[in-house]
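Asker:
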Amino acid sequence: MKRHCTPYYLLLFALISVCSGLKSQDLFIDAAGERIQSCTDRTMYVSGEKIFFSAVIYHATNPFAEEFSRIFYCELITPDGNKIAGGKYLLQNSSGQGCLTIPEETISGIYFLKFYTRFMRNISTDEYKYIKLKIINPFKTEVLSGNDAYDTTKLSENNMEEVAGDQSLIVFSDKKTYAPREEIRLTIKENTGEGLPARLSLSVIPESTYEDLFSTDRNELNAAHNVVYIPETRGLSLSGQLIGKESGNPVPYSKVNLSIIGDMDILAARTDLNGKFFFALPDYNGNKDIFLCAENLPDITPEILIDNDFCSRPVYLPSPPFTLNEEEMKAAYQLAVNSRITSMFREDIMVSNSSVEGNNTSFYGEPSEVLLMKKYIDLPTLEEYFSELTVMVNLRKARGRKQFRFYTTQAEMSIYDPLVLVDWVAVFDIDKILAMSPLYIERIELVNSPYVKGNITYGGIISFVSKKNDFAGIDLPASGTFVNYSFLEECTEHIPLDPSPDNIPESKQV
Numbered sequence: 019m020k021r022h023c024t025p026y027y028l029l030l031f032a033l034i035s036v037c038s039g040l041k042s043q044d045l046f047i048d049a050a051g052e053r054i055q056s057c058t059d060r061t062m063y064v065s066g067e068k069i070f071f072s073a074v075i076y077h078a079t080n081p082f083a084e085e086f087s088r089i090f091y092c093e094l095i096t097p098d099g100n101k102i103a104g105g106k107y108l109l110q111n112s113s114g115q116g117c118l119t120i121p122e123e124t125i126s127g128i129y130f131l132k133f134y135t136r137f138m139r140n141i142s143t144d145e146y147k148y149i150k151l152k153i154i155n156p157f158k159t160e161v162l163s164g165n166d167a168y169d170t171t172k173l174s175e176n177n178m179e180e181v182a183g184d185q186s187l188i189v190f191s192d193k194k195t196y197a198p199r200e201e202i203r204l205t206i207k208e209n210t211g212e213g214l215p216a217r218l219s220l221s222v223i224p225e226s227t228y229e230d231l232f233s234t235d236r237n238e239l240n241a242a243h244n245v246v247y248i249p250e251t252r253g254l255s256l257s258g259q260l261i262g263k264e265s266g267n268p269v270p271y272s273k274v275n276l277s278i279i280g281d282m283d284i285l286a287a288r289t290d291l292n293g294k295f296f297f298a299l300p301d302y303n304g305n306k307d308i309f310l311c312a313e314n315l316p317d318i319t320p321e322i323l324i325d326n327d328f329c330s331r332p333v334y335l336p337s338p339p340f341t342l343n344e345e346e347m348k349a350a351y352q353l354a355v356n357s358r359i360t361s362m363f364r365e366d367i368m369v370s371n372s373s374v375e376g377n378n379t380s381f382y383g384e385p386s387e388v389l390l391m392k393k394y395i396d397l398p399t400l401e402e403y404f405s406e407l408t409v410m411v412n413l414r415k416a417r418g419r420k421q422f423r424f425y426t427t428q429a430e431m432s433i434y435d436p437l438v439l440v441d442w443v444a445v446f447d448i449d450k451i452l453a454m455s456p457l458y459i460e461r462i463e464l465v466n467s468p469y470v471k472g473n474i475t476y477g478g479i480i481s482f483v484s485k486k487n488d489f490a491g492i493d494l495p496a497s498g499t500f501v502n503y504s505f506l507e508e509c510t511e512h513i514p515l516d517p518s519p520d521n522i523p524e525s526k527q528v
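The opening position of the sequence shown corresponds to residue 19 in our numbering, with each subsequent residue numbered one higher.
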């Protein structure tokens with residue numbers, strides 16, 4: 019039997035980053051130099067494949083600056099900046115990795131990966147990291163057209179340089195030729211006695227599927243004097259502005275609550291002078307529904323505007339004619355064959371939104387009292403349960419509106435309004451609460467003590483839990499906003515190390 023030897027390239031990237039050092043006295047001045055460096059496993063892909071990449075963040079001028087961002091963003095875009103796909107990824111110790119699936123319908127052409135952090139959105143898009151890709155769709159003859167637009171990122175061929183590797187490192191292998199599944203041993207040494215500690219990224223790829231072109235890092239310190247986007251120092255975030263619908267003016271110092279549907283928790287914030295609010299979100303994976311609502315305000319119809327979680331500023335990148343040389347055509351054909359085989363035989367791991375980690379207990383812990391509706395005779399309205407039964411909450415009228423208040427001697431409980439929840443979604447309109455049918459309510463949980471959430475103090479908690487987790491049919495406020503929010507991307511695939519079973523074709527690229 020004749021054996022064929024296929025050449026592969028072993029790529030070793032040195033992603034430079036250093037440990038956190040001295041803290042800056044000015045948070046935003048120090049963070050203004052935040053930059054990102056990244057690499058991919060290849061620069062040639064077939065539509066439907068996953069792009070695997072690594073990234074590190076560093077400071078452009080101060081290698082000992084405190085690390086800031088814990089999240090980085092990656093988008094697959096066309097040369098004129100249109101987003102094809104994108105995701106958010108976790109950074110740990112200033113480094114992270116992830117994958118992004120190329121949509122099946124993507125046509126052949128030149129595309130780019132765009133890397134940045136939220137804080138980098140305060141500076142020029144020139145400072146983002148861009149990696150040029152060639153994507154081939156073997157089932158469509160259409161090719162993405164180029165453009166003659168001005169290169170806003172200065173990523174022209176004149177600003178591209180060929181990189182042969184980090185000259186501070188020397189890499190040795192024990193031999194030049196290896197059999198399939200044979201272990202490769204590498205020795206990595208410093209070329210000089212000095213140098214920064216580095217994180218290394220290793221890829222084994224088919225020949226002619228990688229092009230050694232990188233954008234030149236200018237490391238120009240564009241100070242973020244007008245800070246619009248706050249660094250994500252704790253994880254994912256959601257920000258926006260509260261305005262009056264009639265006037266369009268910002269509404270300062272008002273409460274905004276955020277609930278992740280299915281999560282037994284809420285987040286609370288108060289708007290600043292410009293009506294801006296900011297929430298730090300949990301590190302969940304996948305998509306989940308979020309509900310935001312603002313408190314009732316006299317003579318104002320509140321409207322919530324949510325910031326785009328991805329950068330939408332226009333960029334125009336160079337778009338040379340899409341061509342493949344003979345070697346690239348052979349590599350593209352092999353990639354297409356392997357991708358087709360893989361799609362037919364692989365077993366995808368489906369991650370459902372319901373399986374995403376969340377809280378199994380309420381954020382307020384053990385309630386002071388639980389009112390189980392089935393223990394009492396049916397009453398026509400919820401209001402009668404609070405007036406006829408001996409519970410620690412009563413209804414009263416103040417300034418022309420009904421209010422819940424706890425029976426207590428604690429002074430704080432009479433100063434602050436209680437937090438009222440329906441299936442862990444904050445509702446400020448008491449009349450809508452009282453209009454719910456008691457037949458849809460399973461229980462009412464009461465917390466008879468002051469509760470601090472974020473920078474807001476509540477005079478206790480009244481939590482209505484429906485029987486079917488459907489908000490008991492309540493008409494949620496029109497000023498509220500539902501958002502299907504994308505949390506962290508999770509790579510459900512990994513590169514298998516063991517050979518495939520005998521009845522499964524071997525479709526791996528290596």
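Glycine included, C-beta positions come from ideal geometry on N, C-alpha and C. None of these values were measured; they are calculated from a predicted model.
Looking at residue 411: is its Cβ nearer than 8 Å to the Cβ of residue 422?
Answerer: In contact: residue 411 and residue 422 (Cβ atoms closer than 8 Å).
Asker: Go to residue 307, then tell me how far its beta strand (DSSP E) extends in each direction, as first and last residue.
Answerer: That run of the beta strand (DSSP E) goes 305-312.
Asker: Considering just the uninterrupted stretch of the beta strand (DSSP E) at residue 95, what are its terminal residues?
Answerer: Per DSSP, residue 95 belongs to the beta strand (DSSP E) from 89-95.
Asker: Give me the DSSP bridge partner(s) of residue 245.
Answerer: None, per the DSSP bridge assignment.
Asker: Restricting to runs no shorter than 4 residues, where is the alpha helix (DSSP H) found entirely within the stretch 417-502?
Answerer: The stretch 417-502 contains these whole alpha helix (DSSP H) runs: 429-433, 448-452.
Asker: Terminal residues of the continuous beta strand (DSSP E) containing residue 257?
Answerer: Run containing residue 257: 255-262, per the beta strand (DSSP E) assignment.
Asker: Is the distance from the Cβ of residue 508 to the Cβ of residue 483 below 8 Å?
Answerer: No. Outside cutoff.
Asker: Within this structure, are the beta carbons of residue 492 and residue 445 separated by less than 8 Å?
Answerer: For residue 492 and residue 445, yes; Cβs fall inside 8 Å.
Asker: Specify the secondary structure class of residue 508 as computed by DSSP and reduced to three states.
Answerer: Three-state DSSP puts residue 508 in coil, outside helix and strand.
Asker: Tell me whether residue 383, by its Cβ, gets closer than 7 Å to a heavy atom of the ligand MN.
Answerer: This structure lacks the ligand MN, and indeed carries no ligand of any kind.
Asker: If you draw a straight line from the alpha carbon of residue 356 to that of residue 64, how long is it in whole angstroms?
Answerer: Distance between the alpha carbons of residue 356 and residue 64: 10 Å.
Asker: With three or more C-beta pairs closer than 8 Å as the rule, is the stretch 139-154 touching the stretch 254-274?
Answerer: Short answer: they don't touch.
Asker: Report buried or exposed for residue 378, applying the criterion of at least 16 other Cβ atoms within 10 angstroms of its Cβ.
Answerer: Residue 378 comes out exposed.
Asker: Hey, would you say residue 387 sits closer than 8 Å to residue 397, going by beta carbons?
Answerer: No. Outside cutoff.
Asker: By Cβ distance, which residues of its chain are closer than 6 Å to residue 530, with the 5 residues on each side in sequence left out?
Answerer: With the chain running from 19 to 528 in the structure shown, residue 530 is simply not present.
Asker: Report the option in 122, 137, 124, 129 whose CA atom is closest to the CA atom of residue 91.
Answerer: Minimum Cα distance to residue 91 is reached at 137.
Asker: Pull up the DSSP beta-bridge partners for residue 389, would you.
Answerer: Note: residue 389 sits in a beta bridge opposite 462.
Asker: Compare the Cα-Cα distances from residue 280 to each of 274, 302, 263 and report the closest residue.
Answerer: For the residues 274, 302, 263, the minimum Cα distance to residue 280 belongs to 302.
Asker: Should the stretch 467-481 be regarded as contacting the stretch 57-72, the criterion being three or more beta carbon pairs within less than 8 Å?
Answerer: Touching, no, given that fewer than three Cβ pairs across the two stretches are closer than 8 Å.
Asker: I need the straight-line Cα distance from residue 146 to residue 489, nearest angstrom please.
Answerer: The alpha-carbon atoms of residue 146 and residue 489 are separated by roughly 43 Å.
Asker: In this structure, does DSSP put residue 137 in helix, strand or coil?
Answerer: If DSSP states are grouped into helix, strand and coil, residue 137 belongs with the helices.
Asker: Which complete beta strand (DSSP E) runs does the stretch 292-360 hold, if anything under 3 residues is left out?
Answerer: Listed in chain order, the complete beta strand (DSSP E) runs (minimum 3 residues) inside the stretch 292-360 are 294-298, 305-312, 320-324.
Asker: Counting C-beta neighbours from all protein chains within 10 Å, is the total for residue 201 16 or more, i.e. buried, or is it exposed?
Answerer: Residue 201 comes out exposed.
Asker: Under 8 Å between the Cβ atoms of residue 293 and residue 261?
Answerer: Contact: yes.
Asker: Could you please give me the residues that DSSP links to residue 275 through a beta bridge?
Answerer: DSSP, once it has assigned bridges, lists 286, 311 as partnering residue 275.
Asker: Tell me whether residue 132 is buried or exposed, calling it buried when 16 or more other Cβ atoms sit within 10 Å of its Cβ.
Answerer: Residue 132 comes out buried.
Asker: Quick check on the DSSP output: the alpha helix (DSSP H) that includes residue 401 runs from which residue to which?
Answerer: Taken as a continuous stretch (DSSP letters only), the alpha helix (DSSP H) holding residue 401 covers 400-406.
Asker: For a quick check, are the C-beta atoms of residue 135 and residue 89 less than 8 Å apart?
Answerer: Yes, they are a contact pair.
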